[in-house]
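2 protein chains.
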Amino acid sequence: MSFRVGIVGCGTVGSGVVKLLTENGKLIERRIGKRVEIAFVSDLEPEKVVSLGVPKEKVYTDAFKAIEEVECDAVVELIGGTGVAKRVIEEALKRKKHVITANKALLADYGRELFTLAKENGVSLKFEASVGGGIPVIKALREGLVGNRIERIYGIINGTANFILTQMSQKGLSFEEALKLAQEKGYAEADPTLDVEGFDAAHKIAILSSLAFCRWVKTENVFVSGIRELTPLDIEIAREEFGYSVKLLAIAKETDGALEVRVHPTMIPEEHILSSVNGVFNACLIEGDFVGETLYYGKGAGQKPTASAVVSDIVDVAVGNEFCVPECLFNGDKLPIKEPDRFVSSFYLRFTAVDKPGVLAKIAHILGKYQISIKMALQKSIDFNGGVPVVMTTHPARKREIDLAVKEIDQLDVILKPTFVCMIEEL
Amino acid sequence: MSFRVGIVGCGTVGSGVVKLLTENGKLIERRIGKRVEIAFVSDLEPEKVVSLGVPKEKVYTDAFKAIEEVECDAVVELIGGTGVAKRVIEEALKRKKHVITANKALLADYGRELFTLAKENGVSLKFEASVGGGIPVIKALREGLVGNRIERIYGIINGTANFILTQMSQKGLSFEEALKLAQEKGYAEADPTLDVEGFDAAHKIAILSSLAFCRWVKTENVFVSGIRELTPLDIEIAREEFGYSVKLLAIAKETDGALEVRVHPTMIPEEHILSSVNGVFNACLIEGDFVGETLYYGKGAGQKPTASAVVSDIVDVAVGNEFCVPECLFNGDKLPIKEPDRFVSSFYLRFTAVDKPGVLAKIAHILGKYQISIKMALQKSIDFNGGVPVVMTTHPARKREIDLAVKEIDQLDVILKPTFVCMIEEL
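Chains A and B are the protein sequences, given in the same order. Residue 241 in numbering that gives the first Met the number 0 sits at position 242 of the first sequence, and the numbers go up by one each step. Residue 215 in numbering that gives the first Met the number 0 sits at position 216 of the second sequence, and the numbers go up by one each step.
So, in structure tokens, the structure goes:
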């Protein structure tokens with residue numbers, strides 16, 4: 000008895016899946032009592048596929064032709080992007096094939112229609128590899144914690160950004176230096192925008208929060224802010240003076256009857272286990288009303304970890320576990336998305352000011368006008384962009400008031416550069 | 000459409016399951032499109048069950064009568080122990096009911112026969128709550144990492160022991176003081192043997208390694224050593240001099256074609272994420288050949304987390320995910336269990352010696368005789384049990400030689416107390 004999968008797209012991840020099924024195929028068969036067989040592999044470079052040991056007659060260049068011609072139980076989409084990939088998935092679902100994908104951008108923006116199509120055709124659309132690479136975090140959230148009201152999710156779910164922040168923190172590198180190092184090591188793309196500006200993490204938290212909160216969350220619902228403005232000085236002050244580490248955190252939680260979903264550099268207590276997540280590692284903290292805090296940690300990207308996640312989906316479908324998203328997602332979105340203006344948080348503010356008496360008073364005056372209460376303030380006697388850094392942390396305040404106050408402060412003639420603002424989460 | 004479960008045993012965990020299904024029943028129904036209905040609850044104290052809001056007519060005192068009389072799809076066994084619990088499970092399986100249990104002791108010793116019985120009757124026997132409380136670690140290992148050859152498992156899977164070690168480490172308490180505190184807080188039983196001597200962790204690692212390595216591992220296959228002999232001084236020296244933290248670690252790995260399964264106090268690098276697992280929290284590090292290192296963290300015990308795990312099993316069966324253990328477990332045990340004598344590790348040795356010149360030389364001489372190579376040695380000029388502590392770490396050595404050497408050293412007249420031996424894992 001065998002379960003036949005067609006693989007569309009044989010790049011880094013696709014090759015990983017072929018390798019895994021080849022190397023560990025017997026092991027998987029021993030475990031599940033069923034053989035997972037590669038029915039076809041489709042890629043624009045067929046020689047590459049053949050060189051992996053896939054028999055020539057199973058190699059296609061036209062995915063649609065392969066799906067039409069070859070009998071299979073599931074199609075694995077690993078092309079990426081929202082163009083052909085979407086059409087491949089639609090075609091496979093319409094032909095009542097289960098679909099497995101790692102395509103976070105696609106699911107974040109077209110999840111509703113694709114999962115609806117899967118449901119209409121009575122097949123599964125599985126996506127473990129779309130978040131957290133090899134970490135089975137989708138499975139944990141969807142199945143392991145299915146009995147819980149999910150209270151909050153905190154994810155370090157972009158390895159590139161976490162590598163950069165770890166380098167900045169441990170070696171005092173600037174953002175640019177750390178990015179260059181990440182690129183040299185192959186951890187960052189030539190154009191790193193998706194990773195360092197937080198959009199990749201936004202796709203992923205959109206998927207996680209859709210599963211957790213029973214309402215479709217799209218990328219456009221996520222407040223996003225990247226790590227470019229952060230300096231080694233901020234990281235040092237956060238650690239030395241306040242006991243915080245800085246992470247690009249993806250956050251989802253229900254507050255005041257609305258869902259708040261955001262990705263931004265965040266200061267978190269140094270002793271919290273999330274602060275121990277360094278380098279390219281990912282981790283996701285999920286808190287449920289019964290289970291309490293749980294955390295899932297591992298490699299969030301790379302050929303082999305991602306292949307591990309794709310194969311777990313294939314096996315799930317092969318053994319009959321077809322649960323893919325909560326049913327309630329198809330019953331309308333009841334929970335509104337919270338506007339960023341209404342986020343409440345403690346804040347870290349770093350001003351670049353001229354080194355003159357009275358500066359602190361001027362800043363404090365404006366913060367007071369907006370009812371923002373200062374928790375700690377300090378001024379460093381070092382040269383920073385031609386001025387001195389003045390740093391404050393606040394008691395919880397609304398983002399709207401913070402933004403207005405900072406806008407006004409930045410117009411003072413004693414302020415030399417735009418102020419850096421960072422939210423703090425006490426976890 | 001509803002899925003009917005009978006609950007046998009309504010103590011701490013059983014009440015938690017009733018509460019969860021009551022409080023979050025609607026949420027679960029919205030997620031899975033199916034109602035989970037309590038068919039019956041059986042307990043020797045029926046009033047307690049009724050006080051939870053279970054209708055009188057669903058409350059039984061005789062589990063076997065309930066199973067016979069009441070129509071249900073699954074039976075949840077939460078009595079514990081290996082007596083009645085085993086008969087309840089057998090009876091339910093024979094009647095072709097799925098069974099869900101949290102009973103680690105039972106599975107560790109009778110897993111083979113119970114899973115065989117389940118298989119013969121075409122039903123599932125699920126056990127997420129048996130290891131790691133609310134952490135979905137069984138699901139992660141069995142399903143999430145199903146494509147991986149599992150290379151090693153390191154678990155902090157006894158919250159009581161971890162709480163005691165954390166107190167000893169953070170506050171310098173003795174074992175007895177920390178145990179007393181754990182008992183006051185309700186984290187340790189009046190008789191703490193199962194927890195502090197490592198047997199509870201042994202049950203759990205037996206279950207995890209059976210899943211991971213395709214061979215039944217029973218408690219008797221696990222090398223076990225508890226934390227009673229550890230002193231705050233050892234913890235301090237480990238941290239200050241060697242950069243290690245001390246954890247009661249459950250370890251399973253394949254070495255030299257054999258399976259080595261052990262539970263003992265272990266020194267691990269302080270900067271490793273496992274060292275950040277403190278208090279009653281549990282964590283399990285699982286490394287696979289494709290996924291690399293993954294870690295699962297959360298509350299390893301308690302009413303609500305354990306109920307969360309039990310309910311995830313109920314839902315799994317309700318939605319048709321019936322995969323419970325790898326098929327290969329039924330095909331004979333091919334991997335031999337490694338004898339403790341053959342374990343290879345670096346060791347920490349703490350001798351209690353008289354404060355006289357020449358002691359170090361005598362110890363070193365005997366270690367040399369057994370070809371044990373010393374990595375670091377130090378003597379503290381403090382009073383320790385009427386002598387001074389002499390501490391050494393070794394390069395990798397066989398446990399057999401270490402045991403023989405220590406036995407010989409302990410017979411020296413300059414040695415005042417039995418030597419404390421602790422394995423080191425560099426992770």
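Quick reminder that beta carbons are idealized off the backbone N, C-alpha and C, glycines included. Predicted, not measured: the structure shown is a model, and the values here were computed from it.
Relative to the alpha-carbon of residue i, which residue among the options has its alpha-carbon at the smallest distance?
i: GLY79 of chain A; options: A:THR11, A:PHE350, A:PRO135 and A:PRO191; result: A:THR11
i: SER344 of chain B; options: B:HIS263, B:PHE280 and B:VAL40; result: B:HIS263
i: GLU56 of chain B; options: B:PHE39, B:ALA62, B:LYS47 and B:ARG214; result: B:PHE39
i: ARG148 of chain A; options: B:VAL4, B:LEU19, B:ASP255 and B:GLY357; result: B:LEU19
i: LYS47 of chain B; options: B:VAL35, B:ILE37 and B:THR60; result: B:THR60
i: GLY197 of chain A; options: A:ALA181, A:ILE250 and A:LEU140; result: A:ILE250
i: CYS9 of chain A; options: A:ALA62, A:GLY385, A:PHE2 and A:GLU28; result: A:ALA62
i: LYS303 of chain B; options: B:VAL4, B:GLY5, B:ASN120 and B:VAL17; result: B:VAL17
i: GLY15 of chain B; options: B:ALA282, B:VAL310, B:ILE163 and B:LEU248; result: B:VAL310
i: ILE373 of chain B; options: B:PRO356, B:ALA404, B:THR351 and B:GLY385; result: B:ALA404
i: LYS184 of chain A; options: A:ILE155, A:THR159, A:VAL223 and A:HIS202; result: A:THR159
i: LYS368 of chain A; options: A:THR392, A:ALA352, A:GLU400 and A:LYS355; result: A:GLU400
i: GLN370 of chain B; options: B:ALA396, B:LEU377 and B:ILE362; result: B:ALA396
i: LYS33 of chain A; options: B:SER208, B:GLY278, B:GLY13 and B:GLU326; result: B:GLU326
Strictly under 8 Å for the Cβ-Cβ distance: is residue i near chain A by that measure?
i: ARG151 of chain B; result: no
i: THR60 of chain B; result: no
i: ASN23 of chain B; result: yes
i: GLU56 of chain B; result: no
i: CYS9 of chain B; result: no
i: LEU19 of chain B; result: yes
Distance, Cα to Cα, residue i vs residue j?
i: ARG30 of chain A; j: ALA317 of chain B; result: 22 Å
i: GLU286 of chain A; j: LEU43 of chain B; result: 34 Å
i: LEU432 of chain A; j: PRO335 of chain B; result: Outside the modelled stretch of chain A, which goes from 0 to 426, sits residue 432 of chain A, for which no answer is possible.
i: VAL314 of chain A; j: VAL145 of chain B; result: 8 Å
i: THR305 of chain B; j: LEU348 of chain B; result: 38 Å
i: PHE174 of chain A; j: GLY225 of chain A; result: 11 Å
i: ASP402 of chain B; j: ILE152 of chain B; result: 25 Å
i: LYS93 of chain B; j: LEU124 of chain B; result: 12 Å
i: PHE342 of chain A; j: LYS398 of chain A; result: 5 Å
i: GLU407 of chain A; j: VAL390 of chain A; result: 16 Å
i: ASN281 of chain B; j: PRO388 of chain A; result: 42 Å
i: ALA189 of chain A; j: ILE236 of chain A; result: 30 Å
i: VAL324 of chain A; j: LEU210 of chain A; result: 6 Å
Determine whether the Cβ of residue i lies closer than 8 Å to any Cβ atom of chain B.
i: ARG30 of chain A; result: yes
i: ARG148 of chain A; result: yes
i: PRO304 of chain A; result: yes
i: THR293 of chain A; result: yes
Evaluate residue i with the Cβ neighbour count: other Cβ atoms within 10 Å of its Cβ, from every protein chain shown; 16 or more gives buried, anything less gives exposed.
i: ARG261 of chain B; result: buried
i: SER380 of chain B; result: exposed
i: ARG141 of chain A; result: buried
i: GLY52 of chain B; result: exposed
i: ASP72 of chain B; result: buried
i: HIS364 of chain B; result: exposed
i: GLU127 of chain B; result: buried
i: ASN320 of chain B; result: buried
i: GLU259 of chain A; result: buried
i: GLU427 of chain B; result: This structure leaves residue 427 of chain B out entirely; chain B is present only between 0 and 426.
Whose Cβ in chain A lies nearer than 9 Å to the Cβ of residue i?
i: GLU427 of chain B; result: Outside the shown range of chain B, which is 0 to 426, sits residue 427 of chain B, and nothing can be said about it.
i: ASN157 of chain B; result: Correct list: empty, because the minimum Cβ distance to chain A is about 17 Å.
i: CYS213 of chain B; result: LEU26, ARG29 and ARG30
What does residue i reach in chain B if we use C-beta pairs closer than 9 Å?
i: ILE272 of chain A; result: ILE272, SER275, VAL276, ASN277, PHE280, ALA282 and TYR296
i: THR418 of chain A; result: Those do not exist, as THR418 of chain A stays about 33 Å from chain B at its closest Cβ, beyond 9 Å.
i: GLU326 of chain A; result: GLU28, ARG29, ARG30, ILE31, GLY32 and LYS33
Can you pull the chain B residues whose beta carbon is under 7 Å from the beta carbon of residue i, in chain order?
i: LYS126 of chain A; result: Note that residue 126 of chain A corresponds to Phe in the displayed sequence, not to Lys. Under the 7 Å cutoff, chain B gives no residues; its nearest Cβ is about 13 Å from PHE126 of chain A.
i: SER307 of chain A; result: LEU144, GLY146, ASN147, GLY287, PHE289 and VAL290
i: ILE27 of chain A; result: VAL145 and GLY146
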